[in-house]
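Novice:
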Amino acid sequence: MSHALVIPFLALVSTAAVAQESFIPEVKSAPRAYTAEQADSELVGPQAAAALAVPPARELSAPPRATRSDHSRLYFDAATDGTVWVRGRTYKASFAADAATYVPFLGSSAPRNFPVGLHVESVTIGGEPIAFDSSVPAVRHGDTIEYARGPFVERYLLALDSIEQTFVFESLPRQGEIVVTLGVTSELEGASDAEGFRFGNELGHVRYGRAFAFHDGVDLTPIASRLADGAIELVAPAELVAGASGRFVIDPVLSTFSLETAGIDEFAADTAYDLTNAVWLTVCEEIFSASDRDIHAVRHTTAGTVSASDYVDFTGDIWRAPAVANHTLDNQFLVVAVEGSAPTRQIMGRTVGATVSLIMSAQFLVSDDAFIGDCYAPDVGGDPSTSGNAYYCVIWEREFSAGADYDIHGRLVRTDTTLVGATTFYVDNSVSVHRNPSISNSNGVASDALQDWNVVWEDEVSSTNHNILGARIHRDGTLTESTFTVASSTLDERNPACTAIVDANAGTRPWMVAYQIDSGANGWDVRCRTFNGASSISTFDLSEQFITVAYDQITPSCDCDGDQFVVAYDERTTPTFFSTDIKVSTLYSLGGVLGVNEGNVSASPGLNTDVRPRIVCNASSGSSLDDAMVVFDRDSAGGDQDVWATGYDLPNGGPVSSYCSGDGTGSLCPCANNGNSGNGCASSVNPGGANLATTGAADLSSDTLTLVATGMPATAPALFFQGTLQSNGGAGIVFGDGLRCVGGTVIRLGTKTAAGGSASYPTGADPDVSVRGVIPAAGAVRYYQCWYRNAAAFCTSSTFNLTNGVRVQWIP
């Protein structure tokens, strides 16, 4: 599997101690964790990352990739009224029954669209008008649009950067001059030049090229074109028409010239994963102009290979703030977005198939016309289950009273786009300013009775004091848990995001909320809080775990992979910044208390302005992979905005680290027999000392952890053992020719005979480390070391030595 972020296995050294010894318990300070009450009354104090033993962040093996639109093809769509739409590289166009409209792209900074509408006003031959059908539906044939108007066909040949308009007379009713008069509707100022006509302003122009005509006996010939009184006249002279016995064609071309050199702005990305097809669908908002926003969708792999793209909407309407979710059972995505302008915005939806063809449903209304008020900020939760009802859950905010009362609404949507229930339901309609809702996927259990989505949102107390509220929505649209407090204090808490329950055990494991909080001296921090149902378990200030705590960390996004939580956030220096960075941290939950498995990984290195991350795990759609996708917005050097994406591999199992080395960094070896860095004390056969490392994952649901001791005498007996505490605060105590690193309750795992100085546990039919070591199902920290026989007279009168120690955080 190829990823933009590659997580190599980190081999760490460890040492062992004698099982029979009664070791003195020593406990090293752990990261501070807070109850809900403590967290709201007290800020976590700054702590150095080294003191917290946060594992080091890995570097990117390859840079993130931009999710570029595929502009090497045309895009088509059809509105419910039959209007055909096409999107080219430099334009969009619509073909209604009464007119064709060409809309040039004049740059994302254009204040509005400047369309050029064309309709056939009249056609004369030999001075006499001919009757034709002025209102017929447009019919698409591949890259061609046709209007069958009776005596002639008005045809548009579509290319990436231009449209060729033709008028095709299969036979002429008489001879004589042909005059085709086209009515033009546009704000752009029309003018004639040597190449035809141009309709333009200070942003650019639309070129309507000089027309040509030909028939079976005549080659392509320039003909007269005139612009007068808001109309274009195309004139084929009588002498050219004379002798025409078959098809006669008049042929001008439309194209765009824009003064804007930057590309189209794309931003506000969201993403979701489909398990069956192993692909992501990333959606974003495009600015065609200030009055015309489109929603673009890109199908790609975790490695960034784009296999398809299309538009959820590219009509002249405003579609904004897209969100996307997946339904595993039907291999489908639902994209929701805001349509229209305030104060009458509504929530629209469209399903997108996960196959390479990206088959889309018709656009449909999600919000309810029965509830008057501006609707905005939609989000959608998917469903990873492979049985039961095929539902999405869509939420949004609705303005009930401007500036005073905003509600959170919800609606269940089937995968066939039908809506569940007669109307929308309230998540919260109390009299308050509720804004910015976020929803998780459902917890993915097979039983409908146990299926829930988690929802969080802001509650505005004042402009500088926002609290976070939450609720849980059941599979039938009722509330499993009505509104409860997630975070409430005199501090400003904003931008919440939440995960589903971390596995399918129907609430036996926690779910998590991440939000930003104004911590005062250290600016904005990201804080995480775990819940069991609606009950708060603990709170963890993620920002305080890193040396960059003085920077602002904002706009968090979070998800879970079934075992761990992952959080992405925007990190920037304060009070001013020249670039921003997207960071990712993986958290484990031990008895509901959070800790950092891997911290502050940079997902967007470099001096770019990267903002608004969204992170989604493959497991959100039922995958067993420990992969995630991070999408974010980037302000590029050329001035335009783009959407970028990178894959992230969550670390397998809990964090593993080496400690208590006999290299002089802790307690001194008994005979000044220090070994090499990271190893145990020197032995009679190895002046560098023996080493304990691990392979595999410290994951209780899939334990693959193996302890590997190297550098011992060739055939020495080796005892692997586990303890519940570190000895002497992790520095170790002199024991035999080495240091004793493990204390507390000690369990023998197994004795092996070294082969070439190396031995491992487990091997063959040995029980897993977690089984032999009896790790509780909720997880725990355990310490490991290897004792080995070294009988030669060397240091003390003892006949044994030890490796370094290994600290292992087991996760559920």
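Using numbering that gives the first Met the number 0, the letters of the sequence shown map in sequence onto residues 0 to 811. We treat Cβ as the ideally placed atom computed from N, Cα and C, and that holds for glycine. Quantities reported herein were computed from a predicted structural model and do not represent experimental measurements.
For the region 411-453, list the alpha helix (DSSP H) runs that are entirely contained and at least 4 residues long, ordered along the chain.
Specialist: none
Novice: Pull up the CB-CB distance for Ile581 and Pro612, whole angstroms please, since I reckon it's below 8 Å.
Specialist: Here residue 581 corresponds to residue number 582 of the sequence shown, with the count starting at 1. Here residue 612 corresponds to residue number 613 of the sequence shown, with the count starting at 1. Sure, about 5 Å apart at Cβ, within 8 Å.
Novice: What did DSSP end up calling Glu201 once you bin it into helix, strand or coil?
Specialist: Locating residue 201 in the sequence shown gives position 202, counting from the first residue. Residue state, collapsed to three classes: coil.
Novice: Looking at Asn803 and Cys659, is the spacing between their C-beta atoms short of 8 Å?
Specialist: Within the sequence shown, numbered from 1, the residue matching residue 659 stands at position 660. Within the sequence shown, numbered from 1, the residue matching residue 803 stands at position 804. Yes, Cβ-Cβ distance for Cys659 and Asn803 is below 8 Å.
Novice: On the DSSP bridge list, what partners appear for Asn325?
Specialist: Mapped onto the sequence shown, residue 325 falls at position 326. DSSP output for Asn325 lists Phe332 as bridge partner(s).
Novice: Whole beta strand (DSSP E) runs in the region 607-647 with 3 or more residues, listed along the chain?
Specialist: 608-616, 626-634
Novice: So, for Ala322: in the same chain, excluding its five sequence neighbours on each side, which residues have a beta-carbon less than 8 Å away from its beta-carbon?
Specialist: Residue 322 sits at position 323 when you count from the first residue of the sequence shown. Excluding sequence neighbours, Ala322 sits near Asp269, Val282, Val334, Val335, Ala336, Pro377, Asp378, Val379.
Novice: Could you spell out the range, first to last residue, of the alpha helix (DSSP H) harbouring Glu238?
Specialist: Start at 1 with the first residue of the sequence shown, and residue 238 comes out as number 239. Where Glu238 is concerned, the enclosing alpha helix (DSSP H) stretches over 237-240.
Novice: Closer than 7 Å by C-beta to Arg578: which residues in its own chain qualify, once you throw out the five before and the five after it? Chain order, please.
Specialist: Sequence index remark: in the sequence shown, residue 578 carries index 579 (1-based). Looking at the sequence itself, residue 578 is Ser, so the reference to Arg does not match. Excluding sequence neighbours, Ser578 sits near Leu606, Asn607, Thr608.
Novice: By Cβ distance, which residues of its chain are closer than 6 Å to Ser288, with the 5 residues on each side in sequence left out?
Specialist: Stepping through the sequence shown from its first residue, residue 288 is reached at position 289. Taken in chain order, the residues that qualify are Ala109, Arg111, Asn112.
Novice: Just the Cα atoms here: how many angstroms apart are Met628 and Glu459?
Specialist: The residue you call residue 628 lines up with position 629 of the sequence shown. The residue you call residue 459 lines up with position 460 of the sequence shown. Their Cα atoms are separated by approximately 31 Å.
Novice: Ser306 to Val355, Cα distance in whole Å?
Specialist: On the sequence shown, residue 306 is found 307 positions in, with the first residue counted as 1. On the sequence shown, residue 355 is found 356 positions in, with the first residue counted as 1. Cα-Cα distance, rounded: 7 Å.
Novice: Which residue's Cα is closest to the Cα of Ala461: Glu492, Arg474, Ser622?
Specialist: Translated into the one-based positions of the sequence shown, residue 461 becomes position 462. The question names Ala, yet the displayed sequence has Ser at residue 461. Nearest of Glu492, Arg474, Ser622 to Ser461, Cα basis: Glu492.
Novice: Pick helix, strand or coil for Gln164, following the three-state DSSP scheme.
Specialist: Within the sequence shown, residue 164 is the residue found at index 165, counting from 1. In the structure shown, Gln164 sits in a strand (DSSP, three-state: E or B).
Novice: Could you work out which residue in Leu649, Phe720, Pro103 is closest to Gly199 when comparing CA atoms only?
Specialist: Counting from one through the sequence shown, the residue named residue 199 turns up at place 200. Taking only the C-alpha atoms, the option nearest Gly199 is Pro103.
Novice: As a quick exercise: from Thr703, Tyr787, Ser257, Asn453, pick the residue whose alpha carbon is nearest that of Lys751.
Specialist: Translated into positions along the sequence shown, residue 751 becomes position 752. Ranking Thr703, Tyr787, Ser257, Asn453 by Cα distance to Lys751 puts Tyr787 first.
Novice: If I follow the unbroken beta strand (DSSP E) through Val355, where does it start and stop?
Specialist: Within the sequence shown, residue 355 is the residue found at index 356, counting from 1. No beta strand (DSSP E) contains Val355, which DSSP labels as neither H nor E.
Novice: What's the C-alpha gap between Asn593 and Asp160?
Specialist: As a working mapping, residue 593 is identified with position 594 in the sequence shown. As a working mapping, residue 160 is identified with position 161 in the sequence shown. Checking the sequence shown, residue 593 turns out to be Leu, not Asn. Distance between the alpha carbons of Leu593 and Asp160 is about 54 Å.
Novice: Taking C-alpha atoms, which residue in Ile553, Ser133, Gly652 lies nearest to Leu586?
Specialist: Position 587 of the sequence shown holds residue 586. Of the listed residues, the one whose Cα sits closest to Leu586 is Gly652.
Novice: For Ile263, which option in Cys680, Val642, Asn800, Ser603 has the closest C-alpha, if you only look at C-alpha atoms?
Specialist: As a position in the sequence shown, residue 263 is number 264, starting the count at 1. The shortest C-alpha separation from Ile263 is found at Val642.
Novice: Would you decide whether Thr422 is buried or exposed? Buried here means 16 or more other CB atoms lie within 10 Å of its CB.
Specialist: To locate residue 422, count along the sequence shown from 1; it is residue 423. Exposed.
Novice: Helix, strand or coil for Gly729 per DSSP?
Specialist: The residue you call residue 729 lines up with position 730 of the sequence shown. Residue state, collapsed to three classes: helix.
Novice: Let me check one thing: in DSSP terms, what residues is Gln515 bridge-paired to?
Specialist: The sequence position of residue 515 within the sequence shown is 516, counting from 1. DSSP, once it has assigned bridges, lists Arg493, Val525 as partnering Gln515.
Novice: Measuring CB atoms only, is the region 668-679 touching the region 789-805, in the sense that at least three cross pairs come out at less than 8 Å?
Specialist: yes
Novice: Which runs of the beta strand (DSSP E) spanning at least 3 residues fall entirely within the region 353-403, listed in chain order?
Specialist: The qualifying runs are 374-380, 390-400.
Novice: Are Trp456 and Pro436 close, meaning C-beta to C-beta below 8 Å?
Specialist: Along the sequence shown, read from residue 1 onward, the residue named residue 456 stands at position 457. Along the sequence shown, read from residue 1 onward, the residue named residue 436 stands at position 437. Yes, the Cβ-Cβ distance between Trp456 and Pro436 is below 8 Å.
Novice: Using C-beta distances below 8 Å, list every residue in its chain close to Val135, excluding the 5 sequence neighbours before and after it, in chain order.
Specialist: Translated into the one-based positions of the sequence shown, residue 135 becomes position 136. These residues qualify, in order along the chain: Ala96, Tyr146, Ala147, Arg148.
Novice: Can you name the residues that DSSP bridges to Val655?
Specialist: On the sequence shown, position 656 is the one that residue 655 refers to. Per DSSP, Val807.
Novice: How is the beta strand (DSSP E) around Ser191 delimited, first residue to last?
Specialist: Mapped onto the sequence shown, residue 191 falls at position 192. From DSSP, the beta strand (DSSP E) with Ser191 extends over 188-192.
Novice: In its own chain, which residues sit with a C-beta less than 7 Å from the C-beta of Thr180, not counting the 5 before and 5 after it?
Specialist: Counting from 1 along the sequence shown, the entry for residue 180 is found at position 181. Around Thr180: Glu120, Ser121, Ala230, Glu232.
Novice: Sort Asp560, Ile546, Glu169 by Cα distance to His213 and report the nearest one.
Specialist: By one-based count along the sequence shown, residue 213 stands at place 214. His is not the amino acid found at residue 213; the sequence shown has Phe there. Looking at the Cα atoms, Glu169 is the closest of the given residues.
Novice: Give me, in chain order, the residues of the same chain whose beta-carbon lies closer than 7 Å to that of Gln345; leave out the 5 immediate sequence neighbours on both sides.
Specialist: Position 346 of the sequence shown, counting from 1, holds the residue named residue 345. Closer than 7 Å at the Cβ level, and outside the excluded window around Gln345, lie Glu338, Gly339, Leu364, Ser366, Cys374.
Novice: Excluding sequence positions up to five away, which residues of its chain have a Cβ less than 7 Å from the Cβ of Thr798?
Specialist: Stepping through the sequence shown from its first residue, residue 798 is reached at position 799. Result list for Thr798: Arg788, Asn789, Ala790, in chain order.
Novice: Just reading off the alpha helix (DSSP H) that Arg771 is part of, what are its end residues?
Specialist: Indexing the sequence shown from 1 puts residue 771 at position 772. 768-771 is the extent of the alpha helix (DSSP H) around Arg771.
Novice: Verify whether the separation of the beta carbon atoms of Ile162 and Leu253 is less than 8 Å.
Specialist: Walking along the sequence shown from the start, residue 162 turns up at place 163. Walking along the sequence shown from the start, residue 253 turns up at place 254. Cβ atoms of Ile162 and Leu253: closer than 8 Å.
Novice: On the criterion of 16 or more Cβ atoms from any shown chain inside 10 Å, does Pro495 qualify as buried, or is it exposed?
Specialist: If you number the sequence shown from 1, residue 495 lands on position 496. Flag for Pro495 reads buried.
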